Amino acid sequence: ETGVTQTPRHLVMGMTNKKSLKCEQHLGHNAMYWYKQSAKKPLELMFVYNFKEQTENNSVPSRFSPECPNSSHLFLHLHTLQPEDSALYLCASSQERESYYEQYFGPGTRLTVT
Amino acid sequence: RKEVEQDPGPFNVPEGATVAFNCTYSNSASQSFFWYRQDCRKEPKLLMSVYSSGNEDGRFTAQLNRASQYISLLIRDSKLSDSATYLCVVNTGYSSASKIIFGSGTRLSIRP
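Chains as they are written, first to last, in this note's numbering: chain A, 1 to 114; chain B, 1001 to 1112.
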């Protein structure tokens, strides 16, 4: 199993749809992250979970709803998105949030909102 | 001033050349620093951490200058496979108020 997996890899959804992105890490890490990467912009950290508890929410609109049922799984629930939400959504994990440990990224879900 | 700033490039250098990038950060209390590399349409991958004493991994050398608040990445004897975007990452601390900040990246293109 590769370290961090994400499904689906590509997603096209309408503005009224509800969908979920899934992330799974097989590295025994305790912190998981959601990032958004738009064209020509730096990665934007959206949410951080440390030991299954959400520790950071960087002013993300409520149409994005994260869920972390355990340290290995992370979901991002999407509803009533806007076209400007089209981007690459990356999941990452690290040993824990409060440490020097590096982050390992999944391949991302390329989302297009029509 | 942006919290983390990088020269976007592109840097276009011949194979075998030495190339260096800098990344400046604004928060003097920043705790840890990393260089990631991102290939086109792929996820970022950790290249190396940056330690206070500087560190080297093969052809790659990373340096931290806390006084001037920048980190650097030096690539010697560059290869075609080094072509990528290099992201500077700064972790401002370990409390709930701290942040992980990515730079916009520096594009490097190595030509034969």
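For every residue, glycine included, the Cβ atom is placed at its ideal position computed from N, Cα and C.
Note that this is a predicted model, so its numbers are computed, not measured.
| Asked | Found |
| --- | --- |
| Mind checking which residues open and close the beta strand (DSSP E) that includes P1014/B? | F1011 to P1014 |
| Tell me where the beta strand (DSSP E) around E67/A begins and ends. | F64 to N70 |
| Under a Cβ-count criterion, where at least 16 other Cβ atoms within 10 Å of its own Cβ denotes burial, should A12/A be classed as buried or exposed? | In the sequence under discussion, the amino acid at residue 12/A is Val, which differs from the Ala named in the question. Exposed is the call here. |
| Which of the residues in the region 1043–1070 of chain B, read from start to end, lie with their CB under 8 Å from any CB of chain A? | E1043, P1044, K1045, L1046 and S1049 |
| Just verifying my parser: in three-state terms, what is the DSSP assignment at P83/A? | helix |
| Kindly list, in the order they appear in chain B, the residues whose Cβ is closer than 9 Å to that of G106/A. | E1043 |
| Rounded to whole angstroms, what's the CA-CA distance from G1016/B to G1058/B? Just pull it up for me. | 14 Å |
| Can you list, in chain order, the residues of its chain whose CB lies under 6 Å from that of L78/A, leaving out five sequence neighbours each side? | K19 |
| Give me the Cα-Cα distance between S65/A and L90/A, rounded to the nearest whole angstrom. | 15 Å |
| Using CA coordinates, which residue listed in M46/A, L21/A and Y35/A is at the minimum distance from S59/A? | M46/A |
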